[in-house]
Amino acid sequence: MTAYLDHASAWPLAEAVRAELERWNAHVGSPMALHEAARGPAEAIDAARRDVVALAGWPAECVIFTAGPTEARNLAIKGGLSAAGVDAPVIVADPLAHSSSLAVARTLTRRAGALRLAPVDPLGRVSPAELATLAASNGPLDVATPETTTPADLVVITHGQAEVGTIQDAAALAAAVRAACPDALIVLDAEETAGLMPLDDGLGADLVVIGGRTLGAPPWTGALLVRPGTRLHPLVEGGLEEGGKRGGAHDVPGIAALGMAAREARADRVARVERMRACSATLAEGLLAVPGTRLNGPAVPDRLPGHVQVSAEGVEGEAVALAMAARGVAVSPGSACTFGAGKASPVLEAMGLADEAARSAVLLTAGPATTDAEMDEAVAAYAEAVASLRGMSPA
2 MTAYLDHASA WPLAEAVRAE LERWNAHVGS PMALHEAARG PAEAIDAARR
52 DVVALAGWPA ECVIFTAGPT EARNLAIKGG LSAAGVDAPV IVADPLAHSS
102 SLAVARTLTR RAGALRLAPV DPLGRVSPAE LATLAASNGP LDVATPETTT
152 PADLVVITHG QAEVGTIQDA AALAAAVRAA CPDALIVLDA EETAGLMPLD
202 DGLGADLVVI GGRTLGAPPW TGALLVRPGT RLHPLVEGGL EEGGKRGGAH
252 DVPGIAALGM AAREARADRV ARVERMRACS ATLAEGLLAV PGTRLNGPAV
302 PDRLPGHVQV SAEGVEGEAV ALAMAARGVA VSPGSACTFG AGKASPVLEA
352 MGLADEAARS AVLLTAGPAT TDAEMDEAVA AYAEAVASLR GMSPA
């Protein structure tokens with residue numbers, strides 16, 4: 002590949018992050034041991050705790066390291082409800098929430114309880130008033146779940162939506178839920194925004210999901226930030242690691258790399274976001290110049306930095322992504338998480354896009370190190386791919 006525009010799947014590691022990963026890969030010693038070889042790994046984990054928790058400004062003991070954000074979501078939802086002693090949970094989310102969050106919610110409410118899905122507007126935004134109403138008593142909008150007036154036990158708020166780039170006013174949503182339903186546990190999914198946007202005091206949430214990828218760490222790393230006083234039962238049971246909240250040997254290289262990435266992201270956040278927003282603008286301008294192409298989701302200044310999703314008339318998104326890959330440009334067909342599902346994106350469907358537009362979606366995501374040459378190559382490859390595929394179509 003000569004142009005990498007698939008940061009939605011993985012970020013290239015910065016030199017300092019890569020060095021930290023390699024340093025601890027070469028080290029022998031468990032941080033739980035009592036001998037001298039344990040000291041270095043233990044200190045590396047302690048440093049990573051301080052760097053990661055600084056994203057929310059909470060104490061270092063509020064961090065639970067996980068094997069990526071999917072595990073963190075599972076731990077937040079299952080562990081939070083288990084600690085609250087809820088057997089038939091009422092969970093509120095929206096159809097743009099991460100597929101793993103919705104899968105967990107549906108599993109937990111399959112036999113008892115309810116899943117209420119808040120509506121979204123054509124740009125993917127959730128209304129604080131409607132979310133609060135669903136949390137307090139009314140609902141649901143998930144047609145598979147019967148009407149209920151039971152207050153919510155847990156509410157999931159997605160700060161940044163990976164597929165269409167929508168950024169929610171998470172603090173306003175959390176405040177509205179807290180006022181309407183004080184006892185509800187609030188989970189903030191910040192995988193797409195950590196390191197790019199402020200998360201001071203968890204934006205009002207009780208549990209904050211962090212992923213390594215958008216920080217510039219390995220994508221298999223992640224963490225769950227737990228507000229002081231919030232109770233949580235372990236999802237992975239075992240030893241005393243992570244205060245008994247997550248058993249299993251520590252991934253010292255991954256945790257150290259995650260801490261380094263969080264430190265660098267905090268120090269460089271403003272410049273990083275500025276560069277990525279400039280990339281979004283450049284890409285959007287070039288892609289939308291291709292006839293029959295539309296932008297999905299919010300306007301560039303209002304969406305995730307570095308993020309552009311477009312649909313072109315008369316082509317399939319997977320075919321476009323493959324054609325661009327053949328031209329040396331890496332992109333995602335719509336959503337990296339729904340690739341291969343064989344159907345249109347449920348996120349785009351929830352936003353009201355027609356099936357044809359949803360199936361033709363292609364996602365380009367830039368990072369702080371993306372070059373002007375890479376963007377030029379991506380725009381050219383997109384235009385060529387769309388023209389070639391349209392030329393082969395009987396229509």
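Residues in the sequence shown are numbered from 2 upward in steps of one, following this note's numbering. Using N, Cα and C, we set each Cβ at its ideal position, and we do this for glycine too.
1) With C-beta atoms as the reference, is T397 less than 9 Å away from E314?
2) What number of angstroms, rounded off, separates the C-alpha of P13 from the C-alpha of G217?
3) Could you pull out every residue in the same chain whose Cβ sits closer than 6 Å to the Cβ of P96, ignoring the five residues on either side in sequence?
4) Assign E192 to buried or exposed, taking buried as 16 or more other Cβ atoms, counted over all protein chains shown, within 10 Å of its Cβ.
5) According to DSSP, Y5 sits in a beta bridge with which residue or residues?
6) So if DSSP puts D190 in a beta bridge, which residue, or which two residues, is it bridged to?
7) Within a Cβ cutoff of 6 Å, which residues of the same chain sit near V387, ignoring the five residues on either side of it in sequence?
8) Can you name, in chain order, every residue of its own chain whose Cβ lies under 6 Å from the Cβ of P1, other than the five neighbours on each side?
9) At what residues does the beta strand (DSSP E) containing L296 begin and finish?
10) Which residue's Cα is closest to the Cα of R267: A57, G41 and G223?
11) Quick one, which of D252, A358, L35 and D269 has its alpha-carbon nearest T222's?
12) Based on the DSSP output, what are the partners of I256 in its beta bridges?
13) Does DSSP classify A337 as helix, strand or coil?
14) When the Cα atoms are used, what is the spatial distance from A263 to G196?
15) Considering only residues of the same chain and omitting the five flanking positions on each side of P235, which have a CB-CB separation below 7 Å?
16) Taking 9 Å as the threshold (C-beta atoms), are P299 and R126 in contact?
17) Using the C-alpha atoms, what's the distance from L259 back to D47?
18) Whole angstroms is fine: what's the gap from R132's alpha carbon to V330's?
19) For D377, which of helix, strand or coil comes out of DSSP?
20) Just the Cα atoms here: how many angstroms apart are Q169 and G205?
21) One question on the structure: do P369 and L22 come within less than 9 Å of each other, judged by their Cβ atoms?
22) Taking DSSP as the reference, what is the three-state secondary structure of R232?
23) Per DSSP, what kind of secondary structure is M261 in: helix, strand or coil?
24) Name the residue from S83, A55, N26 and A163 whose alpha carbon lies nearest to the alpha carbon of P306.
Taking the structure as given:
1) Examination of residue 397 is not possible in this model, given that the chain is present from 2 through 396 alone.
2) One-based indexing of the sequence shown puts residue 13 at position 12. One-based indexing of the sequence shown puts residue 217 at position 216. Rounded to the nearest angstrom, the two C-alpha atoms are 7 Å apart.
3) Indexing the sequence shown from 1 puts residue 96 at position 95. Here the set comprises L118 and A351.
4) Sequence index remark: in the sequence shown, residue 192 carries index 191 (1-based). Buried is the call here.
5) In the sequence shown, the residue the question calls residue 5 occupies position 4. Among the bridge pairs identified by DSSP, Y5 is matched with A331.
6) Reading the sequence shown from its first residue, position 189 is the one you call residue 190. DSSP lists T159 and V210 as partners of D190.
7) Taking the first residue of the sequence shown as position 1, residue 387 is located at position 386. Answer for V387: V291, A313 and V316, listed in chain order.
8) Lying outside 2 to 396, the shown extent of the chain, residue 1 is not represented and no answer is given.
9) Along the sequence shown, read from residue 1 onward, the residue named residue 296 stands at position 295. Unbroken beta strand (DSSP E) run through L296: T294 to L296.
10) Here residue 267 is taken as the residue at index 266 of the sequence shown, counted from 1. Out of A57, G41 and G223, A57 has the C-alpha closest to the C-alpha of R267.
11) Taking the sequence shown and counting its residues from 1, one reaches residue 222 at position 221. Comparing Cα-Cα distances from T222 to each of D252, A358, L35 and D269, the minimum goes to D252.
12) Taking the first residue of the sequence shown as 1, we reach residue 256 at position 255. According to the DSSP secondary-structure assignment, I256 is paired through a beta bridge with no residue.
13) Within the sequence shown, residue 337 is the residue found at index 336, counting from 1. The predicted position of A337 is uncertain, since its pLDDT is 46 and thus under 50; a value taken from the coordinates is nonetheless stated next. Three-state DSSP puts A337 in coil, outside helix and strand.
14) Against the sequence shown, residue 263 aligns to sequence position 262. Against the sequence shown, residue 196 aligns to sequence position 195. Looking at the two C-alpha atoms, the distance is approximately 7 Å.
15) Working through the sequence shown from its first residue, we reach residue 235 at position 234. The residues are G80, G245, K246, R247 and G248.
16) As a position in the sequence shown, residue 126 is number 125, starting the count at 1. As a position in the sequence shown, residue 299 is number 298, starting the count at 1. Closer than 9 Å, so yes.
17) By 1-based counting over the sequence shown, the position of residue 47 is 46. By 1-based counting over the sequence shown, the position of residue 259 is 258. Roughly 12 Å between the two C-alpha positions.
18) Position 131 of the sequence shown, counting from 1, holds the residue named residue 132. Position 329 of the sequence shown, counting from 1, holds the residue named residue 330. Before going further, note that residue 132 is Leu rather than Arg in the sequence given. Each residue's alpha carbon lies about 40 Å from the other.
19) Numbered from 1 along the sequence shown, position 376 holds the residue referred to as residue 377. If DSSP states are grouped into helix, strand and coil, D377 belongs with the helices.
20) Counting from one through the sequence shown, the residue named residue 169 turns up at place 168. Counting from one through the sequence shown, the residue named residue 205 turns up at place 204. Distance between the alpha carbons of Q169 and G205: 13 Å.
21) Translated into the one-based positions of the sequence shown, residue 369 becomes position 368. Translated into the one-based positions of the sequence shown, residue 22 becomes position 21. No.
22) Walking along the sequence shown from the start, residue 232 turns up at place 231. DSSP places R232 in coil when its eight states are reduced to three.
23) By one-based count along the sequence shown, residue 261 stands at place 260. Note: M261 maps to helix in three-state DSSP.
24) Position 305 of the sequence shown, counting from 1, holds the residue named residue 306. Taking only the C-alpha atoms, the option nearest P306 is A163.
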